[in-house]
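What follows is a short report on a single structure.
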Amino acid sequence: MRELRFDPIRNRWVIISTERSRRPSDYTLDGNGAKENERTPVSCPFCEGSEDKTPPEIFAIRKERSSPNSWGWRVRVVPNKFPALQIEDNAFRYGMGIFDVASGAGAHEVIIETPDHNKGLADLDVDWIKDVLIAFRERIKDLFRDQRLRYVLIFKNHRTKAGASLTHTHSQLIATPMVPPVVKQELIVCRENYRSKERCLICDLIKQEIEFKERVVYETKSYMIWTPFASSFPFETWILPKNHLHDYSMLDDKELRDLAVVLKLNLISLKKLLNDPPYNFVIHTSPPRFDRPGYPQHWDSIEFDFHWHIEIIPRLTTIAGYELGAGFFINPTPPEEAAHYLSEEMENNYEEV
Ligand SMILES: [Zn+2]
Ligand SMILES: [Zn+2]
Ligand SMILES: [Zn+2]
14 MRELRFDPIR
24 NRWVIISTER
34 SRRPSDYTLD
44 GNGAKENERT
54 PVSCPFCEGS
64 EDKTPPEIFA
74 IRKERSSPNS
84 WGWRVRVVPN
94 KFPALQIEDN
104 AFRYGMGIFD
114 VASGAGAHEV
124 IIETPDHNKG
134 LADLDVDWIK
144 DVLIAFRERI
154 KDLFRDQRLR
164 YVLIFKNHRT
174 KAGASLTHTH
184 SQLIATPMVP
194 PVVKQELIVC
204 RENYRSKERC
214 LICDLIKQEI
224 EFKERVVYET
234 KSYMIWTPFA
244 SSFPFETWIL
254 PKNHLHDYSM
264 LDDKELRDLA
274 VVLKLNLISL
284 KKLLNDPPYN
294 FVIHTSPPRF
304 DRPGYPQHWD
314 SIEFDFHWHI
324 EIIPRLTTIA
334 GYELGAGFFI
344 NPTPPEEAAH
354 YLSEEMENNY
364 EEV
């Protein structure tokens, strides 16, 4: 079963997906079973030579003359074997009294970032990371052609504590028939700001923070690494493009290479400063643009007023009862202090990038 159910009290959708576990005995209390520090396990489906252990690839960046689903790839995208949502599911939507149910039509893919089992994303060289970023772009563009889909969220879980079930470095994407609640909130705020002030909120924020300096961790010509004023998590950083653009999938290869530089610098600095912490990152970009004739114009259809960015969250604290019950986060490290430590670390690591 895969469907979305609407919670009328919390005003948000929840994905019910029984692919992975359903019985009490399927849940273990010690994480999801990934053994860390495992070196080239025979059974790893993401290693080179094990291409037949995954569903057939959807996209790959490979050496010339290498054929799909065989050796010779740099970055490989495959469907998740246990998808939360699936493209083949029929689209439906119906009411059940006060409740609403929608189809689980969507996509759940895995982006395998390298054939090398023993390297993390931070260890890959800049041109390799650029290829991973290109794979993200190409998948977003391709999935946005499907008019049933309203959003594609790219994310990464690094290490078991951050939700990774396989140690071989990879990111994932989930495409949904609705805009996810966190993104929707950001889109609404940016749009309201744009409508009342005719300026982009995030462009204003970047200008102000560069002047103020205290929370700016690193700056290049095109990007700024920033610890948010109200960071929910210790050492949380955002990568913000200095030029206004709503849609990540519009970036060209050169712009993605510039992004790979700051992403690598951010990740190796977190790795060294915090002893290879578990982390998550997400890309927040605008929903697809549906400007084909006859397509209904939803509130979320053309989001020029949004400003895409990446949020990187080291998982150093646990989300506990208060956070779950209140929605308030308690952050023990002020973002100004985090920025200070991180910018020192980035100075040390710049040569490596
Ligand atoms: Zn592997
Ligand atoms: Zn902007
Ligand atoms: Zn965001």
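Using this note's numbering, the letters of the sequence shown map in sequence onto residues 14 to 366. No residue lacks a Cβ here, since even glycine has one placed at the ideal position from N, Cα and C. Being a predicted model, the structure only gives us computed values, none of them experimental.
Near P309, which residues of its chain fall below 6 Å by C-beta distance, leaving aside the five closest residues on each side in sequence? Working through the sequence shown from its first residue, we reach residue 309 at position 296. The predicted model places P309 with a pLDDT of 48, which falls under 50 and marks its position as unreliable, so this point remains unresolved.
Give me whichever residues DSSP pairs with Y13 in a beta bridge. Look at the range of the chain in this structure, 14 to 366, and you will see that residue 13 is not part of it.
Specify the secondary structure class of E32 as computed by DSSP and reduced to three states. Taking the sequence shown and counting its residues from 1, one reaches residue 32 at position 19. In the structure shown, E32 sits in coil (DSSP, three-state: anything other than H, G, I, E or B).
Rounded distance between the beta-carbons of R15 and D102, thought under 8 Å: On the sequence shown, position 89 is the one that residue 102 refers to. On the sequence shown, position 2 is the one that residue 15 refers to. That belief holds up - the Cβ atoms of D102 and R15 are roughly 6 Å apart, short of 8 Å.
If you run the structure through DSSP and keep just helix, strand and coil, what is F225? Your numbering for residue 225 matches position 212 in the sequence shown. When DSSP states are grouped into helix, strand and coil, F225 belongs to the helix group.
Within 6 Å: the Cβ of H320 and any heavy atom of ligand 3? For the purposes of this step, residue 320 is identified with residue 307 of the sequence shown, where counting begins at 1. False, no ligand heavy atom lies under 6 Å from that Cβ.
For N93, name the three-state secondary structure that DSSP assigns. Numbered from its first residue, the sequence shown carries residue 93 at position 80. Here N93 sits in coil by DSSP.
D159 - partner residues in DSSP beta bridges: Numbered from its first residue, the sequence shown carries residue 159 at position 146. In the DSSP output, where bridge partners are listed per residue, D159 has none listed.
Around the Cβ of L17, are there at least 16 other Cβ atoms within 10 angstroms (buried) or fewer (exposed)? The count along the sequence shown starts at 1 and reaches residue 17 at position 4. Flag for L17 reads buried.
Candidates S299, W86, A188, of which the one nearest P92 by Cα: Translated into the one-based positions of the sequence shown, residue 92 becomes position 79. P92 has its Cα closest to that of A188, out of S299, W86, A188.
Could you tell me whether the segment 70 to 80 touches the segment 141 to 151, using the rule of 3 or more Cβ pairs below 8 Å? yes
Between H257 and ligand 1, is the CB less than 6 Å from at least one heavy atom? The sequence position of residue 257 within the sequence shown is 244, counting from 1. No; taking the cut-off as 6 Å, the Cβ of H257 has no heavy atom of ligand 1 nearer than that.
Residues sharing a beta bridge with H16, DSSP: The residue labelled residue 16 in the question sits at position 3 within the sequence shown. Reading off the sequence shown, one finds Glu at residue 16, where the question assumed His. DSSP lists I29, S116 as partners of E16.
Does the contact criterion of 3 or more C-beta pairs under 8 Å hold for the segment 328 to 341 versus the segment 271 to 285? no
Within this structure, are the beta carbons of P291 and K174 separated by less than 7 Å? Residue 291 sits at position 278 when you count from the first residue of the sequence shown. Residue 174 sits at position 161 when you count from the first residue of the sequence shown. Yes, these two residues count as a Cβ contact at 7 Å.
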